[in-house]
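**Student:**
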Amino acid sequence: NWSTEGIIDEQIAKIREQVGDAHVICGLSGGVDSAVAATLVHKAIGDQLTCVFVDHGMLRKGEAEQVKHDFVEATGIKLIAEDASDDFLTALKGVTEPERKRKIIGEKFIRTFEKSTREVMAQAGEQGGEVKFLVQGTLYPDVVESGGGDGASNIKSHHNVGGLPKDLNFKLIEPLRSLFKDEVRAIGTKLGLPDAIVWRQPFPGPGLGIRIIGEITRERLDLLRDADAIAREELTAAGLDRDIWQCPVVLLADVHSVGVQGDARTYGNPIVLRPVSSEDAMTADWSRVPYDVLSRISTRITNECRGINRVVLDVTSKPPATIEWE
Ligand code: XMP
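For the numbering used here, add 89 to where a residue sits in the sequence shown, where the first one is 1.
In structure tokens:
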């Protein structure tokens with residue numbers, strides 16, 4: 090509609106004027122905000138933009154590929170993808186405390202992003218240019234939540250520019266700063282981004298790392314990725330994506346319970362389903378997902394994910410519980 094087009098044209102003109110012939114860098118998270126922000130900037134200044142994607146190894150099934158292939162295909166944007174999963178997992182070895190996990194992931198993330206940023210700067214330099222700007226997918230609610238300051242809320246602090254060294258003190262481009270999520274989605278669709286990106290539910294920066302209760306290992310990540318993919322597939326097939334705000338799938342890696350599969354006793358781990366409905370994630374209610382959908386998810390996870398012998402449903406609102414388990 091005209092207002093979506095109006096916003097797009099207005100932002101493109103504004104970005105062109107702001108950037109001139111400088112180079113611009115943008116971190117992609119896999120989420121809709123950074124993808125739409127990057128696409129807008131790309132429309133405005135084309136190859137002066139380079140995107141950076143840090144794969145920390147804790148994304149869900151297919152998400153890294155989605156950023157690396159689908160997004161680039163849809164937009165033609167220059168992308169530097171850094172597979173840093175070994176690095177992250179080594180740093181996280183033996184760590185179980187949630188805030189320590191966040192701190193380590195946040196710190197590593199910034200350092201990896203910094204490394205890629207220096208590559209982009211070197212490339213721009215070869216072309217006689219200079220990187221002067223950083224794109225952020227800050228939305229209006231983020232601006233309000235942080236008191237209009239740097240435009241990034243606390244929970245997302247590890248994706249914040251605040252952690253970059255002083256000599257990388259870029260100016261910010263925030264084309265979504267006056268928009269709400271639904272407007273961002275409308276713009277993303279108008280710009281031709283795939284539904285899988287436009288309608289992706291919120292996913293925390295530390296990813297599956299804070300959905301494994303216990304130490305994060307590659308095996309546990311693979312197991313959780315499979316269980317999560319099944320839950321997402323069934324919720325999507327049931328047409329529930331737009332009713333559910335998000336559905337964390339959590340692996341209780343340090344909890345074991347007895348089960349029976351075939352003729353044998355098992356001693357496996359439980360998976361928790363945490364579907365919630367919410368407006369803004371500040372408060373939430375547990376979603377009344379139909380029993381037959383829950384049943385299909387449970388049957389498939391216990392059949393297809395080796396080592397999982399129990400699926401439980403979280404029926405707590407926020408408050409008192411948070412949405413994530415960590
Ligand atoms: P909680 O668990 O606090 O989550 O009720 C509220 C919303 O924030 C997301 N979340 C995070 N996002 N980094 C992020 O970028 C984090 O460390 C983090 N922790 C929680 C969560 O998925 C929910 O949407």
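Glycine included, C-beta positions come from ideal geometry on N, C-alpha and C.
So residue 348 is in the beta strand (DSSP E); what residue range does that whole segment cover?
**Tutor:** Counted from its first residue, the sequence shown places residue 348 at position 259. First-last of the beta strand (DSSP E) with residue 348: 346-350.
**Student:** Excluding the 5 residues flanking residue 131 on each side, which residues of the same chain have their C-beta closer than 8 Å to its C-beta?
**Tutor:** As a working note, residue 131 is residue 42 in the sequence shown. Contacts found: 138, 164, 165, 166.
**Student:** Under 8 Å from any heavy atom of ligand 1, does the C-beta of residue 412 make it?
**Tutor:** In the sequence shown, counting from the first residue as 1, residue 412 sits at position 323. Yes, since a heavy atom of ligand 1 falls inside the 8 Å radius drawn around the Cβ of residue 412.
**Student:** Rounding to the nearest angstrom, what Cα-Cα distance links residue 270 and residue 350 in this structure?
**Tutor:** Against the sequence shown, residue 270 aligns to sequence position 181. Against the sequence shown, residue 350 aligns to sequence position 261. Each residue's Cα considered, the two are about 44 Å apart.
**Student:** Starting from the C-beta of residue 99, find all residues in its chain whose C-beta is less than 6 Å away, skip the five residues before and the five after it, and write them out in chain order.
**Tutor:** In the sequence shown, residue 99 corresponds to position 10, counting from 1. Excluding sequence neighbours, residue 99 sits near nothing in its chain.
**Student:** Given a threshold of 16 other Cβ atoms within 10 Å of its Cβ, counted over all protein chains shown, does residue 205 qualify as buried or as exposed?
**Tutor:** Position 116 of the sequence shown, counted from the first residue, corresponds to residue 205. So residue 205 ends up on the buried side.
**Student:** Using a threshold of 9 Å, state whether the C-beta atoms of residue 112 and residue 218 are closer than that.
**Tutor:** Start at 1 with the first residue of the sequence shown, and residue 112 comes out as number 23. Start at 1 with the first residue of the sequence shown, and residue 218 comes out as number 129. Yes, Cβ-Cβ distance for residue 112 and residue 218 is below 9 Å.
**Student:** Grab the span of the beta strand (DSSP E) containing residue 404 for me, first residue to last.
**Tutor:** Here residue 404 refers to the residue found at position 315 when the sequence shown is read from its first residue. Where residue 404 is concerned, there is no enclosing beta strand (DSSP E), given that its DSSP letter is neither H nor E.
**Student:** If you run the structure through DSSP and keep just helix, strand and coil, what is residue 417?
**Tutor:** In this structure the chain extends from 90 to 415, so residue 417 is not present and cannot be described.
**Student:** At a cut-off of 8 Å, would you count residue 292 as near ligand 1, judging by its Cβ distance to the nearest heavy atom?
**Tutor:** Start at 1 with the first residue of the sequence shown, and residue 292 comes out as number 203. Residue 292: yes, Cβ under 8 Å from ligand 1.
**Student:** Can we count residue 199 as close to ligand 2, meaning its CB is less than 8 Å from some heavy atom?
**Tutor:** Because ligand 2 does not appear in the structure shown, any question about it cannot be addressed here, the ligands present being ligand 1.
**Student:** Exposed or buried, what is residue 391 when buried is set at 16 or more other beta-carbons lying within 10 Å of its beta-carbon?
**Tutor:** Start at 1 with the first residue of the sequence shown, and residue 391 comes out as number 302. Burial call: buried.
**Student:** Go through the segment 91-141 residue by residue and report every complete run of the alpha helix (DSSP H) that reaches 4 residues or more, in order.
**Tutor:** Counting whole runs of 4 or more residues, the segment 91-141 contains the alpha helix (DSSP H) stretches 91-108, 121-134.
**Student:** I'd like to know if the segment 307-317 and the segment 284-298 are in contact, where contact means that at least 3 CB-CB pairs between them fall below 8 Å.
**Tutor:** Result yes; three or more Cβ-Cβ pairs closer than 8 Å.
**Student:** How would you label residue 404, buried or exposed, when you count the other beta carbons within 10 angstroms and need 16 or more for buried?
**Tutor:** Stepping through the sequence shown from its first residue, residue 404 is reached at position 315. Classification of residue 404: exposed, given that the 10 Å Cβ count is below 16.
**Student:** Out of 149, 290, 117, state which residue places its alpha-carbon closest to the alpha-carbon of residue 369.
**Tutor:** Here the question's residue 369 lines up with position 280 in the sequence shown. The shortest C-alpha separation from residue 369 is found at 290.
**Student:** Residues in its own chain within less than 8 Å of residue 105 by CB, not counting five upstream and five downstream?
**Tutor:** In the sequence shown, counting from the first residue as 1, residue 105 sits at position 16. Excluding sequence neighbours, residue 105 sits near 133, 134.
**Student:** Quick check: does the Cβ of residue 335 come within less than 8 Å of any heavy atom belonging to ligand 1?
**Tutor:** As a working note, residue 335 is residue 246 in the sequence shown. Residue 335: yes, Cβ under 8 Å from ligand 1.
**Student:** Under the three-state reduction of DSSP, which class applies to residue 273: helix, strand or coil?
**Tutor:** Your numbering for residue 273 matches position 184 in the sequence shown. Residue state, collapsed to three classes: helix.
**Student:** Would you list the residues sitting across from residue 171 in a DSSP beta bridge?
**Tutor:** By one-based count along the sequence shown, residue 171 stands at place 82. The partner list for residue 171 (beta bridge, DSSP) reads 143.
**Student:** Closer than 7 Å by C-beta to residue 260: which residues in its own chain qualify, once you throw out the five before and the five after it? Chain order, please.
**Tutor:** Position 171 of the sequence shown, counted from the first residue, corresponds to residue 260. So the list reads 221, 222, once near-sequence residues are dropped.
**Student:** By the 10 Å Cβ neighbour count, where 16 or more other Cβ atoms means buried, how is residue 388 classified, buried or exposed?
**Tutor:** Working through the sequence shown from its first residue, we reach residue 388 at position 299. Answer is exposed; the Cβ neighbour count stays below 16.
**Student:** Decide if the segment 369-379 is in contact with the segment 395-413; the criterion is three or more beta carbon pairs, one per stretch, under 8 Å apart.
**Tutor:** They touch, by the three-pair rule.
**Student:** Can you list, in chain order, the residues of its chain with a C-beta nearer than 8 Å to that of residue 357? Leave out the 5 residues immediately preceding and following it.
**Tutor:** Taking the sequence shown and counting its residues from 1, one reaches residue 357 at position 268. If we look at residue 357 and ignore the five residues flanking it on each side, its Cβ neighbours are 345, 346, 348, 396, 397, 398, 399.
**Student:** What first and last residue would you give for the alpha helix (DSSP H) that runs through residue 198?
**Tutor:** Working through the sequence shown from its first residue, we reach residue 198 at position 109. Unbroken alpha helix (DSSP H) run through residue 198: 187-215.
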